[in-house]
Amino acid sequence: MKIQINYMLPRKVIAEDVLAARGIELLCEIEGILTINSESHVFFEVSEINLLELAVHLHRWRYEHSASRDFVYISIEHDEPILVFSHLNEEQWVIDSIWRKCEALQVERHELISAVEVFLVRLDADLEKQYKLKSWPDYDYEL
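To convert, note that position 67 of the sequence shown is 66 in numbering that gives the first Met the number 0; the numbers rise steadily by one, no gaps.
The structure is reproduced here in structure tokens:
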């Protein structure tokens, strides 16, 4: 099953000192709309989610842990997991969320990794274009 992780960034101005700090304050400022679509429907859609915070977590899962363990995203704004990727076996994964609009999605590992990589590359380009953020995955966030 092919999935897509899409987003929409706000068109707001962020103070230069917040951008320069590259700290937790910045994570709270980069909010937007996030959707996860399967081939036939919207699985997940939420507005005002911390896109940069999610991206940092996804980047660590994909590149530091080689997407080899379950991914559980708990935001600084919520106590329950907002997004979970859990593996059934080496090639099959389940995507679940407290805010899902339908049943949990079962996807192949390569489809999940591809969707995460596309999301990260697109967001990286948009953050650099809109906010002049470069190499944000290297920021030293204590999450």
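The beta carbon of each residue, even a glycine, is placed where N, CA and C say it ideally should be. On a predicted model such as this, the values are computed, not experimentally measured, just so you know.
Legend entry - Selection from 59, 52, 47, 91 that minimises the alpha carbon distance to residue 111: Position 112 of the sequence shown, counted from the first residue, corresponds to residue 111. Looking at the Cα atoms, 91 is the closest of the given residues.
Inset, instruction - From the DSSP output, read off the bridge partner residues of residue 84. - result: As a position in the sequence shown, residue 84 is number 85, starting the count at 1. In the DSSP output, where bridge partners are listed per residue, residue 84 has 70, 94.
Inset, instruction - Please classify residue 4: does DSSP put it in a helix, a strand, or coil? - result: One-based indexing of the sequence shown puts residue 4 at position 5. In the structure shown, residue 4 falls within a strand segment according to DSSP collapsed to helix, strand and coil.
Inset, instruction - Confirm, please, whether the CB-CB distance from residue 33 to residue 182 is below 8 Å. - result: A query on residue 182 cannot be resolved here, the shown segment of the chain reaching from 0 to 142 and no further.
Legend entry - Span separating the alpha-carbon of residue 118 from that of residue 4: Position 119 of the sequence shown holds residue 118. Position 5 of the sequence shown holds residue 4. CA-to-CA, the gap between residue 118 and residue 4 works out to about 6 Å.
Legend entry - Closest Cα partner of residue 60 within the set 36, 115, 1: Indexing the sequence shown from 1 puts residue 60 at position 61. It is 115 whose Cα lies nearest to the Cα of residue 60.
Inset, instruction - Classify residue 62 as buried or exposed, calling it buried when 16 or more other Cβ atoms lie within 10 Å of its own Cβ. - result: Translated into the one-based positions of the sequence shown, residue 62 becomes position 63. By the 16-neighbour rule on beta-carbons within 10 angstroms, residue 62 is exposed.
Inset, instruction - Kindly list the residues whose CB is nearer than 6 Å to the CB of residue 31, restricted to its own chain and excluding five residues on each side of it in sequence; keep chain order. - result: Counting from one through the sequence shown, the residue named residue 31 turns up at place 32. Its chain contains 6, 7, 8, 9, 50 as the residues whose beta carbon lies nearer than 6 Å to that of residue 31, once the 5 sequence neighbours on both sides are disregarded; these appear in chain order.
Inset, instruction - For residue 12, name the three-state secondary structure that DSSP assigns. - result: Translated into positions along the sequence shown, residue 12 becomes position 13. The answer is coil: DSSP assigns residue 12 none of H, G, I, E or B.
Inset, instruction - Go ahead and pull the three-state DSSP assignment for residue 127. - result: What you label residue 127 is simply residue 128 of the sequence shown in a count that begins at 1. Note: residue 127 maps to helix in three-state DSSP.
Inset, instruction - Grab the span of the alpha helix (DSSP H) containing residue 52 for me, first residue to last. - result: Sequence index remark: in the sequence shown, residue 52 carries index 53 (1-based). 50–58 is the span of the alpha helix (DSSP H), which, as asked, contains residue 52.
Legend entry - Rounded Cβ spacing between residue 54 and residue 122 (contact assumed at less than 8 Å): For this step, residue 54 is matched to residue 55 along the sequence shown. For this step, residue 122 is matched to residue 123 along the sequence shown. Residue 54 to residue 122, Cβ: 5 Å. Contact.
Inset, instruction - Kindly indicate which three-state DSSP category residue 122 falls into: helix, strand or coil? - result: For this step, residue 122 is matched to residue 123 along the sequence shown. Of the three classes helix, strand and coil, the one that applies to residue 122 here is helix, per DSSP.
Inset, instruction - Going by DSSP, name the residue or residues bridged to residue 33. - result: Position 34 of the sequence shown holds residue 33. Answer by DSSP bridge pairing, in chain order: 6, 45.
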